[in-house]
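Numbering (the working numbering), first residue to last: 30 to 355. C-beta atoms are modelled at their ideal positions from N, C-alpha and C, and glycine is treated no differently. Written below as structure tokens is the structure these notes are about.
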Amino acid sequence: MALSLTQKETYRETLANLVAKQNDGASIVSAKKELEALSTSLVPRMLYRYRPPSEYAFADLENATVTFSHPKVFSDQCDSVPIYNWNGIDEIESNLNDDEQALKIINQIDFRRLAFVLGVLGAPFNPARIDEFEILSDEGKVSLFRSAVKNLRLFVGGFVAPVHQNSCRNCCRILCLTDNPSDSNMWNVYSESQAGFVLAYDREAIRNCNIANGMRTELLPILYDDEPFNCDPQIAWTAARMLGLNVSSDDMLSDLRAIYRKGSVFERENEYRARLVPEPDELEMNYVQRPCKPLRVILGSRMTQEDKELCICAANKLDIPVDEQC
Numbered sequence: 030m031a032l033s034l035t036q037k038e039t040y041r042e043t044l045a046n047l048v049a050k051q052n053d054g055a056s057i058v059s060a061k062k063e064l065e066a067l068s069t070s071l072v073p074r075m076l077y078r079y080r081p082p083s084e085y086a087f088a089d090l091e092n093a094t095v096t097f098s099h100p101k102v103f104s105d106q107c108d109s110v111p112i113y114n115w116n117g118i119d120e121i122e123s124n125l126n127d128d129e130q131a132l133k134i135i136n137q138i139d140f141r142r143l144a145f146v147l148g149v150l151g152a153p154f155n156p157a158r159i160d161e162f163e164i165l166s167d168e169g170k171v172s173l174f175r176s177a178v179k180n181l182r183l184f185v186g187g188f189v190a191p192v193h194q195n196s197c198r199n200c201c202r203i204l205c206l207t208d209n210p211s212d213s214n215m216w217n218v219y220s221e222s223q224a225g226f227v228l229a230y231d232r233e234a235i236r237n238c239n240i241a242n243g244m245r246t247e248l249l250p251i252l253y254d255d256e257p258f259n260c261d262p263q264i265a266w267t268a269a270r271m272l273g274l275n276v277s278s279d280d281m282l283s284d285l286r287a288i289y290r291k292g293s294v295f296e297r298e299n300e301y302r303a304r305l306v307p308e309p310d311e312l313e314m315n316y317v318q319r320p321c322k323p324l325r326v327i328l329g330s331r332m333t334q335e336d337k338e339l340c341i342c343a344a345n346k347l348d349i350p351v352d353e354q355c
């Protein structure tokens, strides 16, 4: 079911202001709950994924996994990731060799706030490691921080990259779902003219598929419009400060383009996107898998007998029902 105009406006406002909270711990906890509540209220419990009759799609069914894809594989890739123009990383790197200056930068950063901001915006930062970091000696903190900053361009390059470089794309993988298993256009486009199949998933299973890595998967609906989405500058300003960047003017920050936005031509798809942050050793992979058992399989009307048998065999092993396309 498509979002109403009221829901769209509420959604926009929440996305734009979610991370523009006060820097105290209570607000961070509140913002996390707000994000989860937003997902629960706007995302239906049952979600579907159209699949082609390919080796990789069959493997997801057989292995009870879901595959998250690099944004570059999408036709709307320019609207799938945040784009920034922050150039303060050079200043941080220039102080790395000075222990006193490095420690000063560390002490200015609220790492718990940073973990939440980066988690929302799509950068790999494991909040579970903050406690370990905080009990280190000053020397240990400086050593670890040097290592982290030297890798910053790779891990969160998009936050500090020149305009249009957009290396932040490397920092998220996306899973596209819908609430409609019977759309003829999607059967044609994504399941090769009914020769493929559709998998049904529980919303909570998708949200928890990355929990073993210490982070829930963000799952929210797509906003369909043809207008640029400019987030509240306070979001970019706050995140820049949390990175320890010396932000002297709004001109140093580019507009933030929404992750969950597509052109209105795609509105019929009623799409919902799950987004996760890959592990460091997965950053070079276009596709990453996470365990997630489907609830049922819907076979396309033009599937070959061989492909049907593959799906039915896999479904029987998983003890899930198999239906035919209506």
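- prompt: Is there contact between the region 319-335 and the region 211-230, where contact requires at least three CB pairs shorter than 8 Å?
  reply: Counting C-beta pairs closer than 8 Å gives three or more between the region 319-335 and the region 211-230, which meets the contact rule.
task: Output yes or no for whether 8 Å exceeds the beta carbon distance between residue 317 and residue 79.
output: No Cβ-Cβ contact shorter than 8 Å links residue 317 with residue 79.
query: Where DSSP assigns a beta bridge to residue 301, which residues make up the other side?
result: Bridge partners of residue 301: 206, 250.
- request: Ignore the nearest five residues each way along the sequence and tell me which others in residue 355's own chain have a CB closer than 8 Å to its CB.
  value: Beyond the five residues adjoining it in sequence on each side, residue 355 comes within less than 8 Å, by CB distance, of 211 in the same chain, given in chain order.
message: Please report the distance separating the alpha-carbon of residue 236 from that of residue 136.
response: When the Cα atoms are used, residue 236 and residue 136 turn out to be separated by approximately 34 Å.
- prompt: Does the beta-carbon distance from residue 68 to residue 202 come in below 8 Å?
  reply: Cβ atoms of residue 68 and residue 202: not closer than 8 Å.
query: Cα-Cα, which of 311, 299, 252 is closest to residue 24?
result: Because residue 24 is not part of the residues shown, which for the chain are 30 to 355, the question remains open.
task: Measuring alpha carbon to alpha carbon, tell me which of 86, 208, 100, 250 ends up nearest residue 38.
output: Checked all of 86, 208, 100, 250; the closest Cα to residue 38 is 250.
task: Quickly, what does DSSP pair residue 320 with across the bridge? List them, please.
output: Per DSSP, the beta-bridge partners of residue 320 are 94.
message: Give me, in chain order, the residues of the same chain whose beta-carbon lies closer than 8 Å to that of residue 333; leave out the 5 immediate sequence neighbours on both sides.
response: For residue 333, where only same-chain residues beyond five positions count, the Cβ hits under 8 Å are 82, 224.
- request: Could you tell me if residue 343 is buried or exposed, where buried requires 16 or more neighbouring beta carbons within 10 angstroms of its beta carbon?
  value: Buried, since its Cβ has 16 or more Cβ neighbours within 10 Å.
field: Close Cβ partners of residue 322 (< 8 Å) along its chain, the five nearest in sequence each way excluded
entry: So the list reads 93, 234, 347, 349, once near-sequence residues are dropped.
- prompt: Taking Cβ to Cβ, would you say residue 299 is nearer than 8 Å to residue 231?
  reply: No, they are not a contact pair.
query: Beta-carbon separation of residue 90 and residue 32 under 8 Å?
result: By the CB criterion at 8 Å, residue 90 and residue 32 fall outside the cutoff.
field: Burial state of residue 304 (16 or more Cβ within 10 Å)
entry: With 16 or more Cβ atoms within 10 Å of its Cβ, residue 304 is classed as buried.
- prompt: What are the start and end residues of the beta strand (DSSP E) that includes residue 234?
  reply: That residue, residue 234, is in no beta strand (DSSP E); its alpha helix (DSSP H) goes 232-236.
task: Starting from the C-beta of residue 336, find all residues in its chain whose C-beta is less than 7 Å away, skip the five residues before and the five after it, and write them out in chain order.
output: Cβ within range, chain order: 82.
field: Identity of the residue in 131, 206, 291, 205 nearest residue 169 by Cα
entry: Out of 131, 206, 291, 205, 131 has the C-alpha closest to the C-alpha of residue 169.
message: If I measure Cβ to Cβ from residue 77 and keep anything under 6 Å in the same chain, skipping five residues before and after, which residues do I get?
response: Result list for residue 77: 207, 210, 227, 229, in chain order.
Residue 238 beta carbon less than 8 Å from that of residue 325: Not a contact, by the Cβ cut-off of 8 Å.
message: Taking 8 Å as the limit between beta carbons, can you name the residues of its chain near residue 75, skipping five residues before and five after?
response: 208, 229, 230, 231, 232, 324.
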